[in-house]
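J.:
Numbering (our numbering), first residue to last: 16 to 324.
As structure tokens, this is what we get:
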């Protein structure tokens, strides 16, 4: 596997190049870099919280409250505020989504104005471009009188899939920002894999309607564990790529994809066949994550060649 990335040395610096352009972090740049790292992490966490609130809104049946209006609701000040507890759930989800959207805008602006690495800039830009589309899908699911297709399986699936895509892009931006500041080590890959391995058994036990009733609280825990596993596996895959561990990265990336497919399928899993499919996907993700963790312990981790080569 590849060695960790290091700042350019004096020998490798081009004549006349400034320390900053050669890859050094000047003393006055470090606080700015630290603030950006924190901003990316906060935006990523806010995105995950928004997605979980969306799950809660759907499971509680609050998505069709607010008199099927958007962006207004059904309460005081011409519908600016909610009138009932159920519409308050939808209202809070919208409020948090708005704040998260502003964070995405701010993070993207900071990435581009601050001259961050190209991959960081484009990851944040991707999240920014997806955000208005995600907002539109959210509006469709509420305004069922104007958009009869709004609460269809297709729109709901796309709405959930976009949430996962935005979260994945922000996780990538967080990982790449961190990798530019601190050395990437095999321990990070292992810790990310182990975090996923802790979350995936929760998904197995809470497989929809298999062992437990898939109520509101169970679904919230289920999707919290699912998003956690997805984020951990995505981070592990990207850290493995930093180390040129192509096979570990591929296994972790595939496991992250399987988790998203499983989370989408879980919303439509009815009957024995649906439960078995969701459980099988969970087991597949667990096996892939376990393999990635095991391979990350091999002596080749941290060297130039890929794991297993």
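Note that CB positions come from ideal geometry on N, CA and C, so glycine has one too.
Check whether the Cβ atoms of residue 124 and residue 65 sit closer than 7 Å, and answer yes or no.
T.: No. Outside cutoff.
J.: Enumerated in chain order, which unbroken segments of the alpha helix (DSSP H) with a length of 4 residues or greater are wholly contained in the region 63-90?
T.: For the region 63-90, not a single whole alpha helix (DSSP H) run of length 4 or above is found.
J.: Decide if residue 202 is buried, meaning its Cβ has at least 16 other Cβ atoms within 10 Å, or exposed.
T.: Exposed, because fewer than 16 other Cβ atoms sit within 10 Å of the Cβ of residue 202.
J.: Would you mind stating whether residue 303 and residue 269 have Cβ atoms separated by less than 7 Å?
T.: Against a cut-off of 7 Å, the Cβ pair of residue 269 and residue 303 comes out as a contact.
J.: Let me know the secondary structure DSSP gives residue 223 once reduced to three states.
T.: DSSP places residue 223 in strand when its eight states are reduced to three.
J.: DSSP on residue 117, reduced to helix/strand/coil?
T.: Helix.
J.: Counting only the same chain and skipping the five closest in sequence on each side, list residues whose C-beta sits under 6 Å from that of residue 301.
T.: Contacts found: 215.
J.: Determine the burial state of residue 133: buried for a count of at least 16 other Cβ atoms within 10 Å of its Cβ, exposed for fewer.
T.: Residue 133 should be labelled exposed.
J.: Buried or exposed: which applies to residue 50, given that a residue is buried once 16 or more other Cβ atoms fall within 10 Å of its Cβ?
T.: The residue in question, residue 50, is exposed, as its Cβ has fewer than 16 Cβ neighbours within 10 Å.
J.: Helix, strand or coil, according to DSSP, for residue 229 in the structure here?
T.: Reduced to three states, the DSSP call for residue 229 is coil.
J.: From the DSSP output, in three-state form, read off residue 167 for me.
T.: Here residue 167 sits in coil by DSSP.
J.: Rounded to a whole number of angstroms, what is the C-alpha to C-alpha distance between residue 180 and residue 145?
T.: Between residue 180 and residue 145, the C-alpha separation is close to 8 Å.
J.: In its own chain, which residues sit with a C-beta less than 7 Å from the C-beta of residue 176, not counting the 5 before and 5 after it?
T.: For residue 176, where only same-chain residues beyond five positions count, the Cβ hits under 7 Å are 279.
J.: Looking at the structure shown, is residue 130 part of a helix, part of a strand, or coil, going by DSSP?
T.: Of the three classes helix, strand and coil, the one that applies to residue 130 here is coil, per DSSP.
J.: Give, in chain order, every unbroken run of the alpha helix (DSSP H) that is at least 4 residues long and sits entirely within the region 255-302.
T.: As far as the region 255-302 is concerned, its whole alpha helix (DSSP H) runs of at least 4 residues are 261-281.
J.: Pull up the distance between the alpha-carbon of residue 308 and that of residue 211, whole angstroms please.
T.: Their backbone Cα atoms lie some 10 Å apart in a straight line.
J.: Considering Cα atoms alone, identify which of 206, 247, 209 and 294 is closest to residue 226.
T.: Of the candidates 206, 247, 209 and 294, the one whose C-alpha sits nearest the C-alpha of residue 226 is 294.
J.: Looking only at its chain, what residues have a beta carbon closer than 8 Å to the beta carbon of residue 152, apart from the 5 residues adjacent to it on each side?
T.: So the list reads 170, 173, 174 and 177, once near-sequence residues are dropped.
J.: Using the C-alpha atoms, what's the distance from residue 55 back to residue 114?
T.: Spanning the two alpha carbons is a distance of roughly 14 Å.
J.: Would you say residue 218 and residue 241 are within 7 Å of each other, going by their C-beta atoms?
T.: In contact: residue 218 and residue 241 (Cβ atoms closer than 7 Å).
J.: Mind checking whether residue 251 and residue 267 have CB atoms under 7 Å apart?
T.: Result yes, Cβ atoms of residue 251 and residue 267 sit closer than 7 Å.
J.: Is it true that the CB of residue 182 sits closer than 7 Å to the CB of residue 297?
T.: The answer is no: Cβ separation not under 7 Å.
J.: Do residue 244 and residue 188 have their CB atoms nearer than 7 Å?
T.: For residue 244 and residue 188, no; Cβs fall outside 7 Å.
J.: Cα separation between residue 253 and residue 199?
T.: Their backbone Cα atoms lie some 10 Å apart in a straight line.
J.: Expressed to the nearest angstrom, what Euclidean distance is found between the alpha-carbon atoms of residue 387 and residue 120?
T.: What is shown of the chain runs 16 to 324, which leaves residue 387 out entirely.
J.: Specify the secondary structure class of residue 199 as computed by DSSP and reduced to three states.
T.: Three-state DSSP puts residue 199 in coil, outside helix and strand.
J.: What does a CB cutoff of less than 8 Å around residue 95 pick up in its chain, not counting 5 residues either side in sequence?
T.: Cβ neighbours of residue 95 beyond the five flanking positions: 87 and 88.
J.: Whole angstroms are fine: how far does the CA of residue 166 sit from the CA of residue 271?
T.: Approximately 27 Å between the Cα atoms of the pair.
J.: Going straight from the alpha carbon of residue 122 to that of residue 142, what length do you get?
T.: Cα to Cα, the separation comes out at about 10 Å.
J.: Buried or exposed: which applies to residue 92, given that a residue is buried once 16 or more other Cβ atoms fall within 10 Å of its Cβ?
T.: With fewer than 16 Cβ atoms within 10 Å of its Cβ, residue 92 is classed as exposed.
J.: Hey, residue 68 and residue 108: beta-carbon distance below 7 Å or not?
T.: In contact: residue 68 and residue 108 (Cβ atoms closer than 7 Å).
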